[in-house]
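A quick write-up on the structure given underneath.
Shown next as structure tokens:
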């Protein structure tokens, strides 16, 4: 369910709770819900991750395909985003129902990821002007329990971390004609550095305060929220106001500060989880949707 | 219920696609040793012997099984096929690698595995829980496979020990890879190289000769001088070809000159397709038919094709300097215009080696074990082999396989495979010509025979499903005398409505040969039955060809029938196809059928049926000829064999009766009807046969020849050609028409099979039919089997299978069939040529009259109508002074001294057998009349042919 | 060398199974909390999710409501990364629409729709990874999801595919086997009665072999039933333990 209907009394209850730094599920205003991350869940992708944040359930698959670099950036590969808001999440998304939301999220993702500072796009270039890797990042929304942007961002980051691109060599002869050769060792592959990949922290204005990681119910009480994308060092790379209400400039600065603080913690814990998972090696028992 | 215990994934990045496949590991795969309690009942297929006794090896005296690696299987298959080698474990890993690398070896190993006597066991190690290995980091696919093989070998040894310790059963790992062997021994696996093992088999010393001698790369450089430059690796070649630095093409050695070859470059039809290579170093170890990469030399090094005939007679390695001298003699052509693009071989893309027939040239050095082998095909270089039985092999035809060609060796290295027999021996020579024309002629393997129906066979209830019972019809067959593979039968009857029903019944071979099984694959490979002068190489096993599929009289047989309803004008009103059961009432010869038609006294069912058919056939033929179908003749020769010695004692040209053309007419009709039907149903993947119209330039010689005799031949359409051929007659020279028709035949293109989805020109020029296929001889042509299957699917009588509706597979099949048909034709001609030789050998020297068929620059080609024999009379001879020759291309004519020769001139020649070269005997013709001093020879021999025609006539009267 | 050997002389398939064996099947019910019913299934490398909403009132135009039974609404969608080559759209293409229709037919035959007149049941299936037999995996997942939603059914619907190679019927085809281009048969079975809920075959197959292939598919579908039954029992046991606490 992308949205939920609340009665006036319920809303008041939530708003008052937030005022007291006590949310319906017992969290404080700057606490995230329990996050579950698992990578390499879809074996025929180059990288994949499934992230569950409360009831929000996201599956991301990354497929690396060879293509030609864009004219204006001949030395770089690029990323393509696609968000499928599937009918799994809510019957409203059936048919073309989820397309608008999907496009909106995809556009936000383009803005955040598709630049040099986030991802080392040059490492995706195989030979300038001729061949590069295109990473198709496909997001599948399976269940929606609030705070979509943050969850998707975590999932994308995890999936990119998990992505292994086969190493190719460009063979060139005297006349300059090129041939691409694929390494026959399946372990021989490139990894992307995700250190600079930012995470989105959505701050929801509820009453006079703001909360992070709002649930669906809380989102229903909020008129406006601020998306802040933060890197692991706490640098804000992007910011966007969403929602139908308005925000005063002062609270925007406040929210940004909270965003930086929370974002740094989020990055640190995500990074450690990903490394921990990887240290388990390929023999790790996969859980996927079975656990 | 799920037997897989562990669940592993294999990832493979091909292109940029990541492909994930499941790979299940099982614990119910047996080891193949009988009586093994651990894998009780888990055996399938042929099994190893419990106590392998036979190969007494001095290296490993206890009983053992062998476990060869991939390269041993690939290169030493000749050894493994020997009956002395038994009890071999073939790993799945090995088998798969072989399958990917060499289809012929894979097929051979499968045949061996299916042979119960050999006790070969295929162990599915890749799916066995304890023998599966995963590719590790930094390990390439080859290393992994080597490790998998070692793991399996080790597992076997431990497993057998568990089974019974006191047996001392061992598995011996055979590998020629030094490192792999060392690693195996380190891991406690008994391992030997193939050579070591074979040499230790003291009871079978003859096996050593069959070992392929593979010199290892490392040794190559150390010993001796390097003659050839290195071949570039494949990746470099492919790059070079892409960039245009190198050209890819088929290497074609010259028959006349061993220092010269051409490379036929694939691709661009516009560009000059041929590149000349001259000199040993530029040929750089390429062998005829190899796919090679060549580099063009700069223009100042271009050469012209030399006209010198050079045969490699060198015996010694040290002749390289002399060789160079000889090469210089080649470069004589000064004329700039004669120069052709010249190049050198830089690498081999694909070797196309096969076993070669030939003879041993024994080394002059006594006791030497290294000898040179001279292949029968002059385009193949001589091959050095090692053998201890040189004296025994002298004067025999033998088969040798090439193993490799090191850089420091003048000749390729090979090994002895088989002794065919004495030179000149009929059996041996037949074998040679079959081998040289790549005609598969081995007896059918067990695997193939296992798909034959069990005898006694009869039509069952099940067989009659989808089948019409036509046993009541009065069907009969008409064939040449002595025919045992009768694939067609006919019937004809009046219907109540006044129309005529005509049926062509073709043996239902596709009922017995099911798609995809070994029998089917083997028939597809053979493609056609090959008829030699006294031998038939069947495409399908004899049980089918001469019994179950042969539509003999008075037995129930399955058939595929094509039934028309016609009016008395032979116009088709209705056509239908059905699978059927028939019972032929009579198997007639052409002569018998003719006799029945002609004799007024006979009025039984068969005879009236024949008369009806004959009447319709005449109308059909007339109509066909009106449409422009060609009737061409080529002298067909048949040998009368001595019943005792099987030596040819007389030749006879085939005669044609009305009944021949009657059967032919209905076969054509059936083929056309079927072609229409299958093309209607399968527009994309019908197997059809086309005969392209020849380009006008082909007819030049025919028109010129006719003109020289004041006749006119029109060639703009098939119809006008047929008509003008009919008109071309000369009162003074009655044979001219036959000669013209023979010439016209030579102008024609080859008819070929093709897949309708891959082509859009379907026309059959010779038959003047817009569409055509082969349906009527499934016993002896594989194309017909496919057509049967297509038709069966089209009428819902049988089921389809994936390959049938895959046009690319079909196109590949057509390619093979066309190749096999061509080869069968060549083999047939070679067989006739050999028998002609035998005939003239017994006859001695003969003088005969003949006609000039072609005029060449320095020779004339003469046809002797009496023998249907064609030969060349050369006017230049090695040791004689050259006569004055003037050749005119326009007429064409050849003037020798003062005599002029034109096409169709009558000459008299002397025919004899030239056996100066034991390996290449040939018929030689020399001119007797007209007499030219110094050229022609007098007919000093008592002329033997005076009484000849008499004798022959008598024979025919009999 | 032409293609793969789908069935070796020793009787093993490319992935090591024998002709009649299924791939490894793992399944779980109740994957999502918000939906009325959900399930996940893995059949080898084919992975599918199914979600059921309903029975609820008709969404959109009331005119679609059926007076005597519930409307079964199905959508098939396949993740863009599910196939070897990336797909451009998850659903809405011809194949997905067809699959949706087939699913609808299958479940209309199985769900006791007359119990919920004028209402709607939504079944959404999502293929996460496709390695052959997607239809079968979807049906099996949807069966579990419908059971999870507590919607009454006549019987389980168990589906399996079968093919035909070298005169042998192969059960539960993987992608490689499907890609080889032989005949394929998809079968959805109501195992208790042995009734067929859906039967589909493409490519020509001779009548004589149909029985053999059908038998193989049916046997495999019954094996699937045994497994699904086990999953359901396990799920119910776990649920009751949780409730008991």
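Residue numbers (my numbering), protein chains in the order written: chain Z, 491 to 781; chain U, 6 to 963; chain D, 760 to 1004.
Ideal Cβ positions, reconstructed from N, Cα and C, are used throughout, including at glycine.
Quick caveat, the model's predicted, so the values are computed rather than measured.
Contact note: residue 534 (chain Z) reaches chain U through 23, 24 and 25, using a C-beta cutoff of 8 Å and chain order. For the pair residue 621 (chain Z) and residue 670 (chain Z), the Cα-to-Cα distance works out to about 9 Å. Annotation: residue 880 (chain U) is outside any alpha helix (DSSP H) and is labelled neither H nor E by DSSP.
Interface flag for residue 755 (chain U) against chain Z is unset, since no Cβ pair is found closer than 8 Å. A straight-line Cα-Cα distance of about 10 Å links residue 517 (chain Z) and residue 702 (chain Z).
Residues are counted here when their Cβ sits less than 9 Å from a Cβ of chain D; for the stretch 542 to 572 of chain Z these are 545, 547, 549, 550, 551, 552, 553, 555 and 572, given in chain order. As for any beta strand (DSSP E) of minimum length 3 sitting wholly inside the stretch 538 to 602 of chain U, the runs are 561 to 571 and 577 to 594, ordered along the chain. Residue 962 (chain D) carries a coil assignment under DSSP once its states are collapsed to helix, strand and coil. Going by C-alpha positions, residue 874 (chain U) is about 6 Å away from residue 868 (chain U).
At a cut-off of 3 residues, the continuous stretches assigned as beta strand (DSSP E) that sit fully inside the stretch 257 to 291 of chain U are 265 to 270 and 279 to 283. Within the same chain, and ignoring the five residues on either side of residue 245 (chain U) in sequence, the residues whose Cβ sits closer than 6 Å to its Cβ are 251. Within the stretch 128 to 154 of chain U, those residues whose Cβ lies closer than 9 Å to any Cβ of chain Z are, in chain order, 140, 141, 142, 143, 144, 145 and 146. The continuous alpha helix (DSSP H) containing residue 82 (chain U) extends over residues 82 to 85. Residue 744 (chain Z) and residue 720 (chain Z) have their alpha carbons spaced roughly 15 Å apart. Using beta-carbon distances, residue 632 (chain Z) counts as an interface residue toward chain D, with a partner under 8 Å. For residue 574 (chain U) and residue 500 (chain U), the gap between their C-alpha atoms comes out near 15 Å. Remark: C-beta atoms of residue 615 (chain Z) and residue 686 (chain Z) do not approach each other more closely than 8 Å.
Two segments are said to touch when three or more pairs of C-beta atoms, one from each, lie closer than 8 Å; by this definition the stretch 437 to 451 of chain U touches the stretch 351 to 365 of chain U. The Cβ atoms of residue 918 (chain D) and residue 939 (chain D) do not sit closer than 8 Å to each other. Counting every other CB atom within 10 Å of its CB across the protein chains shown gives residue 509 (chain Z) a total below 16, marking it as exposed. Per DSSP, the unbroken alpha helix (DSSP H) holding residue 842 (chain U) starts and ends at 812 to 848.
DSSP lists Z:556 as the bridge partner or partners of residue 623 (chain Z). Residue 574 (chain Z) has Z:630 as its beta-bridge partners, per DSSP. In terms of Cβ geometry, residue 808 (chain D) and residue 899 (chain D) do not form a close pair [threshold 8 Å]. For the stretch 780 to 795 of chain D, the beta-carbon criterion of a distance under 9 Å to any beta-carbon of chain Z is satisfied by 785, 786, 787, 790, 791, 792, 793 and 794. When CB distances to chain U are screened at a threshold of 8 Å, not a single residue of the stretch 906 to 918 of chain D falls below it. The criterion of a C-beta distance shorter than 8 Å is satisfied by residue 556 (chain U) and residue 587 (chain U). Nearest neighbour of residue 921 (chain D) by Cα position, chosen from D:976, D:770 and D:841, turns out to be D:976. About 14 Å separates the Cβ atoms of residue 815 (chain U) and residue 532 (chain U), ruling out a contact at the 8 Å cut-off. For the stretch 232 to 263 of chain U, the set of residues with a beta-carbon nearer than 9 Å to any beta-carbon of chain Z comprises 240, 241, 243, 244, 245, 247, 248, 249 and 250, in chain order. DSSP places residue 907 (chain D) inside the alpha helix (DSSP H), whose first and last residues are 893 to 907. Taking a Cβ-Cβ cut-off of 9 Å, residue 830 (chain D) has no neighbours in chain Z, whose nearest Cβ is about 12 Å from it. Going by DSSP, residue 643 (chain Z) is part of the alpha helix (DSSP H) stretching over 638 to 652. In this structure, residue 854 (chain U) and residue 916 (chain U) do not form a Cβ contact; the two beta carbons are roughly 11 Å apart against a cut-off of 8 Å.
Apart from sequence neighbours up to five positions away, the residues of its chain that approach residue 760 (chain U) with a beta-carbon distance below 7 Å are 690, 692, 812, 815, 816 and 819, ordered along the chain. Distance from the CA atom of residue 749 (chain Z) to the CA atom of residue 806 (chain D), rounded to whole angstroms, is 37 Å.
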